[in-house]
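Colleague: Position one of the sequence shown corresponds to residue 1 (full-length UniProt numbering), numbered consecutively onward. All C-beta atoms in this analysis are idealised placements derived from N, C-alpha and C, irrespective of residue type, glycine included.
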Amino acid sequence: MADFSAAMTGGQTFRLSGRPARTTVLYFYPKDNTPGCTTESLAFRDLHEQFKAAGAEVYGISRDSLRSHEGFKSKLELPFELISDPDEAVCQTFGVMKMKKMYGKEVRGVERSTFVIDADGRLVKEWRGVKVPGHVDEVLEFVARR
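1. I'd like the list of long-range same chain contacts for C37, defined as Cβ closer than 7 Å, with 5 residues on each side in sequence excluded.
2. Quick one: grab the DSSP three-state call for L16.
3. Confirm, please, whether the CB-CB distance from I117 to M8 is below 8 Å.
4. Could you tell me which residues DSSP puts in a beta bridge with N113?
5. Look at the Cβ atom of E81, then the Cβ atom of G10, and state whether they are nearer than 8 Å.
6. Who are A7's beta bridge partners in DSSP?
7. Assess contact between the region 85-99 and the region 41-53, defined as three or more Cβ pairs (one per stretch) separated by less than 8 Å. Is contact present?
8. Looking only at C-alpha atoms, which of R122, K105, P86 sits nearest to Q25?
9. Which residues in the same chain as residue 163 place their Cβ atom closer than 6 Å to its Cβ, once the five residues preceding and following it in sequence are excluded?
Structural data, given as structure tokens:
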């Protein structure tokens, strides 16, 4: 997995190579404060302690600004950081930018996806085109089995 860094909430910088030696869960979502993204983020929040107990750090990532992320994180009381990728560099690295239909129009956006990276920086599991219901439970089950 290629190393990358990006700004994240809390005035910090996420660096793939600089994270603690543990499992990393990166979930890419289209936009702060939208129904599906709110539901998904709340599910990661509600299971956060179980992810930590399984030795995993969770990070959300979208193209939203840090300011938007700080508000979203605060509003939902998220116990993990959100990574801002306004120039789509990280989205491109993971290949999550797709043409999607929205209200009958073709728009380019983030395909909801989740990636699990092991302590050595290897990509060990990916989910693409995620449907929110049940997804976070599936990710936790995978991480807990490792």
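Modeller: In this structure, then:
1. Translated into positions along the sequence shown, residue 37 becomes position 37. If we look at C37 and ignore the five residues flanking it on each side, its Cβ neighbours are Y29, P30, K31.
2. Your numbering for residue 16 matches position 16 in the sequence shown. In this structure, L16 counts as helix in the three-state DSSP scheme.
3. Within the sequence shown, residue 8 is the residue found at index 8, counting from 1. Within the sequence shown, residue 117 is the residue found at index 117, counting from 1. Cβ atoms of M8 and I117: not closer than 8 Å.
4. As a working note, residue 113 is residue 113 in the sequence shown. Sequence check: residue 113 is Ser here, not Asn. Its beta-bridge partners are F28.
5. What you label residue 81 is simply residue 81 of the sequence shown in a count that begins at 1. What you label residue 10 is simply residue 10 of the sequence shown in a count that begins at 1. Yes, the Cβ-Cβ distance between E81 and G10 is below 8 Å.
6. For the purposes of this step, residue 7 is taken as residue 7 along the sequence shown, with counting starting at 1. DSSP, once it has assigned bridges, lists T13 as partnering A7.
7. no
8. For this step, residue 25 is matched to residue 25 along the sequence shown. Strictly speaking, residue 25 in this sequence is Val, with Gln absent from that position. Closest option to V25, Cα to Cα, is R122.
9. Since the displayed the chain opens at 1 and closes at 146, residue 163 lies outside it and no answer follows.
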